[in-house]
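Novice: As they're listed, the protein sequences go chains A and B. Taking numbering that gives the first Met the number 0, the leading residue of the first sequence gets 0, the next gets one more, and so forth. Taking numbering that gives the first Met the number 0, the leading residue of the second sequence gets 0, the next gets one more, and so forth. All C-beta atoms, glycine included, are put in the ideal place defined by N, C-alpha and C. All of these numbers come straight from a predicted model, not from anything done at the bench.
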Amino acid sequence: MTCIGSYLENSEEMLSDRFEVCILMKINENECQVVSSLSPKSSSQCFVEASLVEKRWMLFSFLELYRFGKRYLLFKTVDTSPLLLPPPSVAVAVAVADRSMSLSKMPVVDGERGPDASSFSLDSERTLYPYVTGTSVVAFKYRDGILMAADMGGSYGSTLRYKTVERIKPIGKHSLLGASGEISDFQEILRYLDELILYDNMWDDGNSLGPKEVHNYLTRVMYNRRNKFNPLWNSLVLGGVKNGQKYLGMVSMIGVNFEDNHVATGFGNHLARPILRDEWNENLSFEDGVKLLEKCMRVLLYRDRSAVNKLQIAKITEEGATLFPPYSLKTFWGFEAYKNPTVGAEGSW
Amino acid sequence: MFRNQYDTDVTTWGPAGRLFQVEYAMEAVKQGSAAIGLRSKTHVVLACVNKANNELSSHQKKIFKVDDHIGVAIAGLTADGRVLSRYMRSECISHAFTYESPLPVGRLVVQLADKAQVCTQRSWKRPYGVGLLVAGLDESGAHLYYNCPSGNYFEYQAFAIGSRSQAAKTYLERRFENFMDSKCEDLVKDALIAIRETLQGERLTSTICTVAVVGVGESFHILDQNTVQQLIDEFEIVGEEEPPAAEAGDTGDQETAAGEATPAEEGAAPMDI
Numbered sequence: 000m001t002c003i004g005s006y007l008e009n010s011e012e013m014l015s016d017r018f019e020v021c022i023l024m025k026i027n028e029n030e031c032q033v034v035s036s037l038s039p040k041s042s043s044q045c046f047v048e049a050s051l052v053e054k055r056w057m058l059f060s061f062l063e064l065y066r067f068g069k070r071y072l073l074f075k076t077v078d079t080s081p082l083l084l085p086p087p088s089v090a091v092a093v094a095v096a097d098r099s100m101s102l103s104k105m106p107v108v109d110g111e112r113g114p115d116a117s118s119f120s121l122d123s124e125r126t127l128y129p130y131v132t133g134t135s136v137v138a139f140k141y142r143d144g145i146l147m148a149a150d151m152g153g154s155y156g157s158t159l160r161y162k163t164v165e166r167i168k169p170i171g172k173h174s175l176l177g178a179s180g181e182i183s184d185f186q187e188i189l190r191y192l193d194e195l196i197l198y199d200n201m202w203d204d205g206n207s208l209g210p211k212e213v214h215n216y217l218t219r220v221m222y223n224r225r226n227k228f229n230p231l232w233n234s235l236v237l238g239g240v241k242n243g244q245k246y247l248g249m250v251s252m253i254g255v256n257f258e259d260n261h262v263a264t265g266f267g268n269h270l271a272r273p274i275l276r277d278e279w280n281e282n283l284s285f286e287d288g289v290k291l292l293e294k295c296m297r298v299l300l301y302r303d304r305s306a307v308n309k310l311q312i313a314k315i316t317e318e319g320a321t322l323f324p325p326y327s328l329k330t331f332w333g334f335e336a337y338k339n340p341t342v343g344a345e346g347s348w
Numbered sequence: 000m001f002r003n004q005y006d007t008d009v010t011t012w013g014p015a016g017r018l019f020q021v022e023y024a025m026e027a028v029k030q031g032s033a034a035i036g037l038r039s040k041t042h043v044v045l046a047c048v049n050k051a052n053n054e055l056s057s058h059q060k061k062i063f064k065v066d067d068h069i070g071v072a073i074a075g076l077t078a079d080g081r082v083l084s085r086y087m088r089s090e091c092i093s094h095a096f097t098y099e100s101p102l103p104v105g106r107l108v109v110q111l112a113d114k115a116q117v118c119t120q121r122s123w124k125r126p127y128g129v130g131l132l133v134a135g136l137d138e139s140g141a142h143l144y145y146n147c148p149s150g151n152y153f154e155y156q157a158f159a160i161g162s163r164s165q166a167a168k169t170y171l172e173r174r175f176e177n178f179m180d181s182k183c184e185d186l187v188k189d190a191l192i193a194i195r196e197t198l199q200g201e202r203l204t205s206t207i208c209t210v211a212v213v214g215v216g217e218s219f220h221i222l223d224q225n226t227v228q229q230l231i232d233e234f235e236i237v238g239e240e241e242p243p244a245a246e247a248g249d250t251g252d253q254e255t256a257a258g259e260a261t262p263a264e265e266g267a268a269p270m271d272i
């Protein structure tokens, strides 16, 4: 059964609490009558008076659906007695809107096909796809703490648009956060963490949030956003040292989190981690660690199309965090196969 | 203290700058049965007197585990104490869920104190009538705090609250300098002796007291009766090193000579007058 709506005038007085529910009943092909509007906080079964053709009472049951992160209420007739049921063209479609939206803007919902995500203006407030993205972050534990590296590129689709994006930031006294994915979401996360660290410092009591605590906090944030279908489009790497304990963990945009001795995001998982699995060990010195990081980043530079040749390395130890100035890796392109590329096909590039 | 025209409401100040209702609430703490706490660098011990109303009933629970690393002993309106323990447990769990690490006891105590302060500034509420001895761990080691109905909190090396707690406090005052470096077992013994002080001559057995311990590497747990009885027997047989008798000031009728009670008659110190 489908329903096409015509909207209530004087919608404002009908708005209650957070939801406005109206039940629309199809009279014929072109017309529809709003039969009733009520707050979903009322009991799950409600009587609706059919005010069009003749007075009839219909019993509706209240079905709550979730789709595209929005809550819908579907009213279905329960009583199948022919006496009670009006003509079969009765519609059961309901639209739910936030208080801020007046009824007249409420989109029509097709009872059979279900709501169309893009038809809701509220949708523009949730993340659908990333725009400016950063590529991989690679990190591992070494003798004195954690080493992390990321390039400084922010891609706009396939354009390598921004080339000085700092994707690793220190958090509090004990942690470093590196992020790949949407840069604006990373900045939002930094704002959350800034507030968190501020409140932690305000206690001024000798206790402080270590990397494990920050990692778990981030997991909760990411998971909650994912549950609302409005994720922060990032893969985060959180590393730090507190009281001699080294900690390195990762959180993805859907809230998957784990700890490990070496982690990477994005392409780094495929290109860098195999190298780390072979060559990482517990007691890397700082110099060896940087060499290993450079090896991973060089592979990524050659093979990841969204990598830029400007990388930043950061380390964190018991003493604190250090972000080193950015620099470039030397690359070699002088392979025989690359020389005279068009020799076999003139005119191509 | 006496009734006066400023003590009807918690939101009425007296002319001397006192909130009488809050002070009356602190009186309620003094009426409850005794609870004491003491701590070393790494451990905190809580002990309390648990007397049942009559032989048929069970005793009031006065020591609550709030989390693996925090416990609380209460004195006063035990119902208020129970409700506050529930709040504390809830705060600890909430913190552990978000941060996967234990809530530092210093922060919990501040949250408790803020909660108590609210009740001293709303005309439709009353102050909590319970004093809480909060024992817990945080990054810097073991701590003991006292939260009172006024919304104040203090950190202590050792403290006693409830009825006849002055006797225990006096004993603790004499011994507290040694606590910081004591072993856990010695702390428990000191706690038991302090409890005995508040009993005013009654015999100390493990059926009328409860002892709990929390420490670095040791979860908060209540010692079982047998262990406690064994410890009691140990110091009863050996005899105390120093006379535990109270000074003349507080009870007024115990002589220092009474402290050297013989092991067989421990606690039955002659009470003059």
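(1) Let's see if you can read the secondary structure: which residues bound the alpha helix (DSSP H) around D189 (chain B)?
(2) Looking at chain B, is there any beta carbon in it that lies within less than 8 Å of the beta carbon of V93 (chain A)?
(3) Counting only Cβ pairs nearer than 7 Å, list the residues of chain E close to S139 (chain B).
(4) Would you mind telling me which residues of chain A sit closer than 8 Å to L103 (chain B), beta carbon to beta carbon, in chain order?
(5) Tell me which same chain residues have a C-beta within less than 6 Å of the C-beta of V137 (chain A), skipping the five on either side of it?
(6) What are the residues of the stretch 104-134 of chain B that lie near chain A, defined by any Cβ-Cβ distance shorter than 9 Å?
(7) For the 8 Å Cβ check, are there 3 or more pairs between the stretch 300-315 of chain A and the stretch 149-169 of chain A?
(8) Does any residue of chain B have a CB that is nearer than 8 Å to the CB of L197 (chain A)?
(9) Need the endpoints of the alpha helix (DSSP H) that S354 (chain A) sits in, please.
(10) Give the single residue among A:L275, A:D303 and A:Y301 whose Cα lies nearest to the Cα of K290 (chain A).
(11) Could you tell me the distance, in whole angstroms, from the CA atom of W355 (chain A) to the CA atom of K338 (chain A)?
(12) Could you give the residue range of the beta strand (DSSP E) that holds G130 (chain B)?
(13) For the pair the stretch 101-110 of chain B and the stretch 165-174 of chain A, tell me if three or more CB-CB distances fall below 8 Å.
(14) Tell me which residues share the same chain as A211 (chain B) and place their Cβ nearer than 6 Å to its Cβ, disregarding the 5 neighbours each side in the sequence.
(15) Can you pull the DSSP bridge partners for R38 (chain B)?
(16) Where N49 (chain B) and S32 (chain B) are concerned, what is the direct C-alpha to C-alpha distance, given to the nearest angstrom?
(17) Does the CB of Y152 (chain B) have a neighbour CB from chain A at under 8 Å?
(18) Between N146 (chain B) and L111 (chain B), how many whole angstroms is the CB-CB distance? I'm expecting something under 8 Å.
(19) Residues in its own chain within less than 7 Å of C118 (chain B) by CB, not counting five upstream and five downstream?
(20) Is L208 (chain A) near Y98 (chain B), with beta carbons less than 8 Å apart?
(21) Run through DSSP, which three-state label would N256 (chain A) get?
(22) For G14 (chain B), count neighbouring Cβ atoms within 10 angstroms of its own Cβ and tell me buried if that reaches 16, exposed if not.
(23) I need the boundaries of the alpha helix (DSSP H) containing P273 (chain A), first residue and last residue.
(24) For E212 (chain A), count neighbouring C-beta atoms within 10 Å of its own C-beta (all shown protein chains included) and say buried if the count is 16 or more, exposed if not.
(25) Would you decide whether F96 (chain B) is buried or exposed? Buried here means 16 or more other CB atoms lie within 10 Å of its CB.
(26) Looking at the strands, I want to know which residues DSSP matches up with D66 (chain B).
(27) What's the gap between the Cα of Y349 (chain A) and the Cα of H142 (chain B)?
(28) Is the Cβ of T41 (chain B) closer than 8 Å to any Cβ of chain A?
(29) Can you check which of these residues, A:D303, A:I312 and A:D277, is closest to E293 (chain A) by C-alpha distance?
(30) Are the beta-carbon atoms belonging to L231 (chain A) and G248 (chain A) less than 8 Å from one another?
(31) For the beta strand (DSSP E) containing N233 (chain A), list its first residue and its last residue.
(32) Does any CB atom of chain B fall closer than 8 Å to the CB of Y216 (chain A)?
(33) Over the uninterrupted beta strand (DSSP E) stretch that includes E217 (chain B), give me the two end residues.
(34) Please identify the residue among A:G133, A:T316 and A:E165 whose C-alpha is closest to the C-alpha of G239 (chain A).
(35) Note down, in chain order, all residues in the stretch 118-152 of chain A with a beta-carbon under 7 Å from any beta-carbon belonging to chain B.
(36) Look at S179 (chain A) and G265 (chain A) and say whether their C-beta atoms are less than 8 Å apart.
Specialist: On the basis of the coordinates in this document:
(1) C183 to T197
(2) Residue placement at V93 (chain A) is flagged as unreliable, the pLDDT there being 37, under the threshold of 50; the coordinate-derived value follows with that caveat. Closer than 8 Å: no.
(3) Looking for chain E here will not work: the only protein chains present are A and B.
(4) The sequence shown places Pro at residue 103 (chain B), not Leu. Near P103 (chain B) (Cβ distances below 8 Å), the residues of chain A are D204 and N206.
(5) A148, A263, G267, A271 and C295
(6) G105, R106 and V109
(7) yes
(8) no
(9) Residue numbering for chain A in the displayed model covers 0 to 348; residue 354 (chain A) lies beyond these limits and cannot be assessed.
(10) A:L275
(11) Because chain A is modelled from 0 through 348, residue 355 (chain A) falls outside the range shown and cannot be assessed.
(12) V129 to D137
(13) no
(14) L45, I62, G70 and I221
(15) B:V43
(16) 7 Å
(17) no
(18) 5 Å
(19) K124, R125, P126 and Y127
(20) yes
(21) strand
(22) Here residue 14 (chain B) is Pro; the residue named in the question, Gly, does not match the sequence. When all chains shown are included, P14 (chain B) counts as exposed.
(23) R272 to E278
(24) buried
(25) exposed
(26) B:I69
(27) Residue 349 (chain A) lies beyond the residue range present for chain A, which begins at 0 and ends at 348; the question has no answer from this structure.
(28) no
(29) A:I312
(30) no
(31) N233 to K241
(32) yes
(33) E217 to I221
(34) A:T316
(35) none
(36) yes
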